[in-house]
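Accompanying notes for the structure given below.
Protein chains in written order, with the working numbering: chain H, 1251 to 1635; chain L, 168 to 289.
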């Protein structure tokens, strides 16, 4: 029997339609280098990629020229941060604002920039994980050059009010970057309303392939990003490297499907969440680390204080779920996200991330909830309570 | 290995349950870690021989499994024999990863604390 997959925040299976379109792109005569403008093979691949760019732009109501392909959201975050620095910020002194709950692919580049002389101001979130808008507004000062905040947190599901943050940044004339790796295709995004300058997009969190992503660069900001890789002039020189046609085809198909299924997906995962929480109601001391209102329903950050999440996961043998971010799961360090929300070491140790998706069935949710209840009872007995 | 680890992780026959074992005169040794993991050993002795051993434990799967394994193995051993933790081949039998080896120290500390308690009572 295959494990029940409840780790959609980590990655998602490829949608069948995505597989079909990728296979078709590999099998057909689209293998040419999209930069080879002198022959039919190159031109076909180029046209395919431009059609895909339209699809990706369409999901966020952007212009296709505002989409730059990358290898994924990590590269998009790096490009947004280092690219802005190289083009705009290098010769300036000032500060950059981000939060302690950001993904490592945002925090680590900022740490590097700190060594180059920029001040990095790390906002601590509210207890529910949300960015405090008043605190942000007070922190931005005349020396602030850039703000980078995520849309949906990958560990907790906390949904930041990007629209309001965008307005604050616009008012203060500060570059605003959003890591939307976890939100793209799951909640509605219209860049025209969001006042976002740069937005990182992932593919594999919404049933597309790994190894491909994009950076949205607002038309007004366009050209104000310097490349971080050196090579040919692809992607208008912003991101050199031969484009992987089949990956791009997969990402575009996933984005097109996301647009079509978004409302149904959201409705479905709300039902999954409700059933799961109802089914584990007998676990007395289970706590959800975030508020229902400001949390994307597909992710539950569930704390079982005084128990060890690693043991819970180990005990739920045929259920695939995680302690937190997949990107930090090799580390024994407690989650920096939960730590910044003020959780104690014991609470962090007892926190699990359960995430639902398009293909989760209600039966799977019930089995997982039953399995969790059972292992919690077992671990409490071993613990002597 | 996974099966053996899982077997000891799931094994509850030597778990101390207050409602069942409160009237047994156990010597107790506890060791805790800052993150909240702990091992609590309950040993009943006749002379220097362990005639009954129980435990409570909270921690990662390895912590739980090595505790269950160790408690099983020290029954009918002397305290001196039980103190030679390396003789029980726990690391090899349960294929303890390098980054989990500190769990053995916690077990060792719990036993040392139990022996201290025994010696205090003598």
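Beta carbons are placed, not taken as given, at the ideal position from N, Cα and C, and that holds for glycine.
Any Cβ of chain H within less than 8 Å of the Cβ of residue 183(L)? The beta-carbon of residue 183(L) is placed less than 8 Å from the nearest beta-carbon of chain H.
Is the segment 1441-1460 of chain H in contact with the segment 1502-1518 of chain H, if contact means three or more CB pairs nearer than 8 Å? Segments in contact, yes.
Using three-state DSSP, classify residue 1511(H) as helix, strand or coil. Correct three-state label for residue 1511(H): helix.
Counting C-beta neighbours from all protein chains within 10 Å, is the total for residue 191(L) 16 or more, i.e. buried, or is it exposed? Under this definition residue 191(L) is an exposed residue.
Can you tell me which of the three DSSP states residue 273(L) falls into? In the structure shown, the three-state DSSP call for residue 273(L) is helix.
Cβ separation of residue 1482(H) and residue 1285(H), assumed to be a contact under 8 Å, to the nearest whole Å: Your pair residue 1482(H) and residue 1285(H) checks out as a contact, with CB atoms roughly 7 Å apart and the cut at 8 Å.
Just the chain L side, please: which residues come within less than 9 Å of residue 1412(H) by C-beta, in chain order? Those do not exist, as residue 1412(H) stays about 35 Å from chain L at its closest Cβ, beyond 9 Å.
Going by DSSP, what residues sit across from residue 216(L) in a beta bridge? Listed as beta-bridge partners of residue 216(L) by DSSP are 213(L) and 245(L).
I want to verify the contact list: residues of chain H whose CB lies under 8 Å from the CB of residue 226(L), in sequence order. Chain-ordered, the chain H residues with CB closer than 8 Å to the CB of residue 226(L) read 1558 and 1561.
Which value, in whole angstroms, describes the spacing of the CA atoms of residue 1314(H) and residue 1609(H)? Computed Cα separation, rounded: 30 Å.
Could you check how far apart the C-beta atoms of residue 249(L) and residue 217(L) are, in whole angstroms? I think they sit under 8 Å. Right, their Cβ atoms sit about 6 Å apart.
Ends of the beta strand (DSSP E) at residue 1612(H)? For residue 1612(H), there is no enclosing beta strand (DSSP E); the enclosing alpha helix (DSSP H) covers residues 1612-1633.
Runs of 4 residues minimum, wholly inside the segment 1387-1465 of chain H: which ones carry the alpha helix (DSSP H) assignment? Listed in chain order, the alpha helix (DSSP H) elements of length 4 or more contained wholly in the segment 1387-1465 of chain H are 1412-1422 and 1441-1444.
Short of 7 Å in beta carbon distance, which residues of its chain neighbour residue 1561(H), apart from the five on each side in sequence? Order them along the chain. When the five nearest sequence neighbours on each side are left out, the beta carbons in the same chain lying within less than 7 Å of the beta carbon of residue 1561(H) are those of 1629, in order along the chain.
Confirm, please, whether the CB-CB distance from residue 1257(H) to residue 1571(H) is below 8 Å. A Cβ-Cβ contact shorter than 8 Å links residue 1571(H) with residue 1257(H).
Would DSSP call residue 1360(H) helix, strand or coil? In the three-state scheme derived from DSSP, where H, G and I count as helix and E and B as strand, residue 1360(H) is classed as helix.
What did DSSP end up calling residue 1546(H) once you bin it into helix, strand or coil? Three-state DSSP puts residue 1546(H) in coil, outside helix and strand.
So with Cβ pairs under 8 Å, would you call residue 1376(H) a contact of chain L? Not closer than 8 Å to any Cβ of chain L, the Cβ of residue 1376(H) fails to qualify, so no.
Would a check of beta-carbon distances place residue 272(L) closer than 8 Å to chain H? By this cut-off, residue 272(L) is not an interface position.
Uninterrupted alpha helix (DSSP H) stretches inside the segment 1284-1354 of chain H (no shorter than 4 residues): 1290-1309 and 1323-1334, all fully within the segment 1284-1354 of chain H.
Output, in sequence order along the chain, the residues in the segment 186-199 of chain L whose CB is closer than 8 Å to any CB in chain H. The residues in question: there are none.
Since residue 1538(H) sits in a beta bridge, which residues does DSSP pair it with? Answer by DSSP bridge pairing, in chain order: 1552(H).
Quick check: what's the CA-CA separation for residue 1517(H) versus residue 1493(H)? Between the alpha carbons of residue 1517(H) and residue 1493(H) lies a distance of about 35 Å.
Do you know whose CA, among 1337(H), 1377(H) and 1426(H), lies nearest residue 1398(H)'s CA? The residue with the shortest Cα to Cα distance from residue 1398(H) is 1426(H).
How many angstroms separate the CA atom of residue 195(L) from the CA atom of residue 260(L)? For residue 195(L) and residue 260(L), the distance between alpha carbons rounds to 26 Å.
Chain-ordered residues of the segment 1599-1610 of chain H with a beta carbon less than 7 Å from chain L: Within the segment 1599-1610 of chain H, those residues whose Cβ lies closer than 7 Å to any Cβ of chain L are, in chain order, 1599.
Excluding five sequence neighbours on each side, which residues of the same chain lie with their C-beta closer than 6 Å to the C-beta of residue 1592(H)? Result list for residue 1592(H): 1377, in chain order.
Report yes if the C-beta distance between residue 1385(H) and residue 1372(H) is below 8 Å; otherwise report no. By the CB criterion at 8 Å, residue 1385(H) and residue 1372(H) fall outside the cutoff.
With 8 Å set as the bound, which would you pick, yes or no: does the beta-carbon of residue 201(L) sit closer than that to a beta-carbon of chain H? Judged by the 8 Å Cβ criterion, residue 201(L) is in contact with chain H.
Using a Cβ cut-off of 8 Å (strictly closer), state whether residue 1501(H) contacts chain L. No, no contact with chain L.
Do residue 1400(H) and residue 1410(H) come within 8 Å of each other at the CB atom, strictly closer than that value? Their beta carbons are under 8 Å apart, which means residue 1410(H) touches residue 1400(H) by this criterion.
Residue-chain proximity (residue 1379(H), chain L), Cβ-Cβ < 8 Å: Not closer than 8 Å to any Cβ of chain L, the Cβ of residue 1379(H) fails to qualify, so no.
Three-state class that DSSP yields for residue 288(L) in the structure shown: DSSP places residue 288(L) in helix when its eight states are reduced to three.
Any idea if residue 1549(H) is buried or exposed, counting beta-carbon neighbours within 10 angstroms, 16 or more meaning buried? Buried is the call here.
Taking the alpha-carbon of residue 1402(H) as reference, which of 1339(H), 1605(H), 1280(H) and 1617(H) has the nearest alpha-carbon? When each option's Cα is compared against that of residue 1402(H), the closest is 1605(H).
As assigned by DSSP and simplified to three states, the class of residue 1504(H): Judged by DSSP in its simplified three-state form, residue 1504(H) adopts helix.
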